[in-house]
Structure formats: C-alpha cells, structure tokens
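**Student:** For reference, each letter of the sequence shown is one residue, going 3 to 439 in the working numbering.
Virtual Cβ for every residue (Gly too), placed ideally from N, Cα, C.
Dropping a structure here in structure tokens format, bear with me for questions.
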Amino acid sequence: MATETVNIETATPRWRRITRHPALMEYRRLAFLVAVVNLTVFGVGLRDGLWFDGSAFALDAIADMALINLSLGILIRQQRVVNALFWLATRIPTSWPLWIRWGAGKVFHFGGLHSGGTVAGTIWFGFLLFAMVANRLSGAALPTDLTLGLSATMVALMTLMIISALGPIRAKFHNTFEGIHRFVGWTVLGLFWAQTVSITHDMGGTLTQTPAFWMLLLITLSILSPWLTLKRVKVEIDKPSNHVVIAGFDYGDTPFAGSSNALSHTPFGQYHSFANIPTPGKTGYRLAISRAGDWTGDFIDNPPSHVWVKGITTSGVARIEELFTKVVYVGTGSGIGPILPHLLKGMVPNRLIWSTRDPRATYGDAIVDEIEAHTENPVIWDTDQDGKPNLSALALQAVRESGAEAVIVISNQKLTRKVVHDMESLGIPAYGAIWDS
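Here it is, written out as structure tokens:
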C-alpha cells in the first residue's frame with residue numbers, strides 16, 4: 003500500500019492545529035470549566051456575603067461547596083455512571099450532523115470532571131479549614147479541636163493525592179500513585195465520615211437530617227461497589243511468544259465489545275485494566291496482554307492459573323464507533339486487543355491499520371487469521387521487515403479510500419496523540435486513550 007506524500011502539518015490550517023492540540027483536549031476543557039464555575043460561584047458568594055457575614059465565616063455553605071465538588075469528582079468515575087454516559091452518547095443516530103457525533107464521541111474525556119472536581123473540592127476544603135481556624139481565633143466556641151484536627155488531616159491527605167496524580171509524577175511512580183489513590187482515598191473517606199459526625203455533634207444536629215450524610219452515603223456505596231463483585235476466576239493462557247499472552251476466561255461473564263475488565267494477582271494488589279475480546283456466539287472472553295512493565299512481564303513469564311477480577315465490565319474509548327457509518331482503526335502492537343472485538347462483531351464497517359513487529363510470530367497465526375477474515379483489506383505492517391510507518395499518512399489514505407467518518411487510535415501515548423492531532427487538524431474526528439487514570 004503506497005502512502006500519501008502530503009505533509010499533514012503544513013497542509014492543515016495553523017489555527018486548527020492549535021485548537022485541536024492535545025494540550026487543549028476536551029479533558030482539560032472540562033477541568034477548566036469546573037474551575038470557571040467554582041471561581042464564579044466563589045466570586046458571587048463573596049459579593050453577596052455568602053461565605054463571610056462580617057463577623058464569622060459560614061462554614062455550612064463552604065462545606066457544601068467542598069462536598070458538591072468532591073461528589074462530582076468521585077461519582078463521575080463510578081463504573082455504572084461511566085457505562086451510562088457511553089450509552090447516552092451512543093444513542094445519537096448516524097443520520098445526525100457529523101459535528102454533533104464528533105463531539106458526543108469525546109464522552110471518554112469525562113475524567114476532566116473527575117480531576118476538576120477533586121482539585122476544586124480540595125481547595126474548598128482548604129478554605130473551610132481556614133474559615134474554621136479564623137472563627138476559632140475570633141472567639142467562636144465552634145468548631146471543636148476534634149473537628150479542626152480531622153479537617154486538617156483530610157486537607158493534607160487530599161493534597162498528597164493530587165500531587166501523586168500529576169502527570170509526570172504518576173508516570174514515573176505509577177505503582178505508588180495507585181497505592182496512594184486507593185489507600186489514602188479510603189482513609190480520607192473514613193475521616194470524612196468522622197468529620198461529618200463531629201460537625202453535626204458540634205452543631206447539636208441529627209446526622210441523618212444533614213445533606214452531607216446522604217451524599218457521603220452515596221459516595222461510600224460508589225467506592226465500595228466494585229469490591230462487592232470481587233471474584234477469583236480461572237484463566238487459560240495461550241502464549242504465542244515471549245512478548246504476549248492471550249488470556250481466556252469463561253466464568254459466566256460475556257462482556258460487550260468496547261469494554262474492559264480489571265485484573266490482579268491478589269485481592270488488594272495492583273489492578274490493571276485490559277480490553278475484553280468477546281467472540282460472537284461464544285461465552286467468555288479473551289485478553290491480549292503484552293510485555294509493558296513489571297506486572298505484565300511477570301504475567302507472561304509466570305502465567306497464573308487464577309486471577310482476581312474487580313468491578314463490572316466498563317465501557318472504553320472504542321465503543322464510540324457506533325456513532326459513525328464507517329471507521330478506520332489504527333493500532334500498534336497489543337493495541338489490536340481493544341480493536342479485535344469490533345472487527346469480530348462487525349457492527350460498524352471498518353478499515354484496519356495495524357503496525358507491529360512480526361505479527362504472526364508475536365501474536366500467533368490464529369489472531370492474524372481472525373483479523374484478516376473480519377475486516378476489509380487490512381493493512382498489517384511488519385515493523386521488523388518494513389520499519390516504522392507513518393501512521394497519520396496511512397490513516398488519512400484509508401479515510402479517503404474508504405469514506406470512513408472517524409479514526410480510532412489504540413497505541414502508546416505519543417503516537418496516539420500525534421495521529422489524533424493530525425486527523426482532527428484535517429477535520430476528521432479522531433479518538434484515542436487519554437491516560438487519565
């Protein structure tokens with residue numbers, strides 16, 4: 003397949019390359035929107051004396067804002083909420099204008115509400131702590147030392163969680179980030195309950211009559227729910243090479259195409275999410291797990307007989323294919339895992355570009371044969387033989403030849419962002435993982 007010679011970077015309007023730059027992706031726009039809304043509320047409240055009446059700070063109003071933001075940040079990541087968001091987004095028919103479907107396809111950027119809400123909530127909690135201290139210094143009897151201590155500890159721990167979640171830190175110390183996010187998060191939740199009880203006691207109120215109690219209960223159930231479905235399941239391992247294994251499961255769950263499940267060797271160990279590969283007409287599913295770090299390397303070198311599965315099957319980026327009449331899939335290496343179930347299902351006509359080293363030796367004849375049998379004119383690029391391709395040029399050519407409406411990229415972060423940026427600069431809807439978890 004001859005590739006396009008067009009220079010994509012110079013062939014597209016400069017303004018569009020700027021507006022579609024990854025730095026301005028929808029994830030960050032949503033986080034910015036949360037910040038703007040909070041700043042507006044703060045400014046209006048400051049003007050109207052909502053936070054401070056001239057003699058004391060209104061702790062209830064400040065606490066409500068903290069709780070609202072944290073609730074948004076936590077609930078938007080709940081697996082059932084995520085599935086509901088994808089379901090709603092994909093109800094839009096393909097007869098609607100492309101620009102509407104283009105925007106709806108960005109549903110997986112909801113993580114911007116998570117980061118925006120949790121950061122804003124932490125700042126509001128910091129403001130609440132300041133207000134508590136100021137009220138005490140002004141001679142007020144409340145809040146008590148216990149409430150102050152709980153609040154200060156919560157602010158410190160939430161700040162630690164935010165720092166560990168910053169992109170460069172999270173990438174370099176990902177295992178530490180996961181541990182902090184889980185165990186410090188649980189600690190903060192416990193402290194949140196203790197603080198709510200303490201504040202209610204300070205005010206002489208009844209716990210169940212406070213809005214905070216019911217919102218905290220909802221948050222707690224949201225965080226607890228994935229652990230209620232925790233199960234140890236048998237896994238069958240097919241190892242076509244030392245780079246990848248195909249893990250097979252059949253324990254009564256047949257997931258939908260465009261979904262993932264989270265696995266771990268131990269109940270409370272590291273959980274890693276992988277795209278499910280269900281086969282139409284068969285129960286169970288497969289996962290393609292390639293060597294990409296210590297966890298996956300150990301999984302390949304020492305295949306387990308059983309693993310732990312947490313939570314429910316959750317929608318992923320490729321599920322948005324339903325919004326388009328035809329799509330081009332671009333994958334590298336084990337990125338074929340999230341793509342394969344859509345090829346097998348055949349719900350949306352597609353074209354495939356898959357770049358990987360020695361595909362048959364690495365992934366096995368069975369996988370390659372499945373791919374070739376379930377998509378039109380697939381481009382399977384052997385990087386051992388032909389070197390690294392220009393994926394943007396291949397994607398553009400496939401779009402033009404096939405009349406596809408969108409491109410879905412499953413690759414590493416650098417290549418995903420480049421191809422998505424190049425395609426969207428040309429006015430072609432493009433989607434790929436955003437590494438927000």
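(1) Quick check: residue 212 and residue 202, are their CB atoms within less than 8 Å of each other?
(2) Quick check: the Cα distance between residue 391 and residue 350, rounded to an integer number of angstroms?
(3) Whole angstroms is fine: what's the gap from residue 152's alpha carbon to residue 190's?
(4) For residue 409, tell me which candidate among 261, 112, 76, 103 has the shortest Cα-Cα distance.
(5) Throw me the rounded Cβ distance for the residue 115 and residue 220 pair, which I believe falls under 8 Å.
(6) Using the rule of at least 16 other Cβ atoms within 10 Å of the residue's Cβ for burial, across every protein chain shown, is residue 20 buried or exposed?
(7) Answer yes or no: do residue 365 and residue 242 have a C-beta to C-beta separation smaller than 8 Å?
(8) For residue 289, which residues in the same chain have their Cβ closer than 6 Å to its Cβ, ignoring the five residues on either side in sequence?
(9) List the endpoints of the continuous beta strand (DSSP E) containing residue 434.
(10) Kindly indicate which three-state DSSP category residue 395 falls into: helix, strand or coil?
(11) Got a sec? Which residues, its chain only, sit under 6 Å from residue 3 by beta carbon, not counting five neighbours each side?
(12) Excluding the 5 residues flanking residue 110 on each side, which residues of the same chain have their C-beta closer than 6 Å to its C-beta?
(13) Quick one: what does DSSP say residue 147 is sitting in, helix, strand or coil?
(14) Around the Cβ of residue 62, are there at least 16 other Cβ atoms within 10 angstroms (buried) or fewer (exposed)?
(15) Taking just the CA atoms, how far does residue 194 sit from residue 420?
(16) Hey, out of 28, 49, 156, 435, whose CA is closest to residue 317's CA?
(17) Using only the alpha-carbon positions, how far apart do residue 297 and residue 273 sit?
(18) Should residue 399 be labelled buried (16 or more other beta-carbon atoms within 10 Å of its own) or exposed?
(19) Quick check on this structure: which residue in 267, 281, 251, 252 has the alpha carbon closest to the alpha carbon of residue 259?
(20) Between the Cα of residue 387 and the Cα atoms of 359, 370, 412, which residue gives the shortest distance?
(21) Looking only at C-alpha atoms, which of 179, 77, 118, 346 sits nearest to residue 35?
(22) With DSSP run on the structure shown, which of helix, strand or coil describes residue 130?
(23) Could you check what DSSP says for residue 6 in three-state terms: helix, strand or coil?
(24) Using a Cβ-Cβ cut-off of 7 Å (strictly less than) and excluding sequence neighbours within five positions of residue 73, which residues of its own chain qualify?
(25) Using 8 Å for Cβ pairs, my map puts residue 204 next to residue 149. What's the rounded Cβ distance?
(26) With DSSP as the reference, label residue 175 as helix, strand or coil.
(27) Could you check what DSSP says for residue 237 in three-state terms: helix, strand or coil?
(28) For residue 142, name the three-state secondary structure that DSSP assigns.
(29) Just to check my reading of the structure: residue 407 and residue 100 have Cβ atoms closer than 8 Å, yes? What is that Cβ distance to the nearest angstrom?
(30) Grab the span of the beta strand (DSSP E) containing residue 308 for me, first residue to last.
(31) From what residue to what residue does the beta strand (DSSP E) around residue 320 run?
(32) In chain order, what residues of the same chain lie with their CB nearer than 7 Å to the CB of residue 129, ignoring the 5 residues before and after it?
(33) Determine the extent of the alpha helix (DSSP H) in which residue 203 is found, giving its start and end residues.
(34) Sorted by chain position, which residues of the same chain lie with C-beta nearer than 7 Å to residue 6's C-beta, five sequence neighbours on each side aside?
(35) Based on the DSSP secondary-structure assignment, which residues constitute the bridge partners of residue 287?
**Tutor:** Taking the structure as given:
(1) yes
(2) 26 Å
(3) 9 Å
(4) 103
(5) That belief does not hold up - the Cβ atoms of residue 115 and residue 220 are roughly 16 Å apart, past 8 Å.
(6) exposed
(7) yes
(8) 249, 276
(9) 432-434
(10) helix
(11) Note that residue 3 scores a pLDDT of 47, beneath 50, so its modelled location is shaky; the value from the coordinates is reported in the next line. 381, listed in sequence order.
(12) 319
(13) helix
(14) exposed
(15) 42 Å
(16) 435
(17) 10 Å
(18) buried
(19) 281
(20) 359
(21) 118
(22) helix
(23) Confidence is the limiting factor: at residue 6 the pLDDT is only 49, short of 50, which leaves the residue's position unreliable, though a coordinate-based value still follows. Coil at residue 6, not helix or strand.
(24) 217, 221
(25) 6 Å
(26) coil
(27) coil
(28) coil
(29) 6 Å
(30) 308-317
(31) Taken as a continuous stretch (DSSP letters only), residue 320 belongs to no beta strand (DSSP E), as it is neither H nor E.
(32) 64
(33) 187-205
(34) For residue 6, the predicted model reports a pLDDT of 49, less than 50, meaning its position is unreliable and no value from the coordinates is stated.
(35) 251
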